[in-house]
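Structure record follows, encoded as structure tokens.
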Amino acid sequence: MNQERMYQVLLAPHVSEKGTLLADEKNQHVFKVASDATKTEVKVAVEELFKVKVDKVRILNNKGKKKSFGGRLGRRSDLRKAYVTLISGNDIDFTGTN
């Protein structure tokens, strides 16, 4: 996979309370990924960009909610997340501190 596709597959880390607990307890990290990304693409992208070894990848599709925005009906955008489990001994540091 080329470098450009890796950056298209992984959009951003998904920071939440649940994601932080998973990272601490089970060595899992959550990423927002492209809607057409596959498990193997996510695995290769995480391994190449963060220099870690990935054990498994689970992908989840969240449908956007129907909401009212200022009296007009609208819909939030859909979201695709990847739960990446790392092999023990590997870790990803998003804070950038040493």
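First residue of the sequence shown: 46, per the numbering used here; consecutive thereafter. For glycine and all other residues, C-beta sits at the position ideal for the given N, C-alpha and C.
Look up residue i in the DSSP assignment and say whether it is helix, strand or coil.
| i | result |
| --- | --- |
| Lys110 | coil |
| Thr65 | helix |
| Ser139 | The question names Ser, but residue 139 in the sequence shown is Phe. DSSP places Phe139 in coil when its eight states are reduced to three. |
| Thr83 | coil |
Could you check which residue in the options has the C-alpha nearest to that of residue i?
| i | options | result |
| --- | --- | --- |
| Thr140 | Tyr52, Pro58 and Glu49 | Pro58 |
| Asn106 | Gln53, Lys88 and Lys84 | Lys84 |
| Gly64 | Ser133, Asp123 and Val129 | Val129 |
| Lys101 | Lys112, Val89 and Phe95 | Val89 |
Considering only the beta carbon of each residue, do residue i and residue j sit closer than 7 Å?
| i | j | result |
| --- | --- | --- |
| Ala127 | Ile104 | yes |
| Arg121 | Lys110 | yes |
| Ala68 | His74 | yes |
Could you give the first and the last residue of the continuous alpha helix (DSSP H) run that contains residue i?
| i | result |
| --- | --- |
| Val54 | Gln48 to Val54 |
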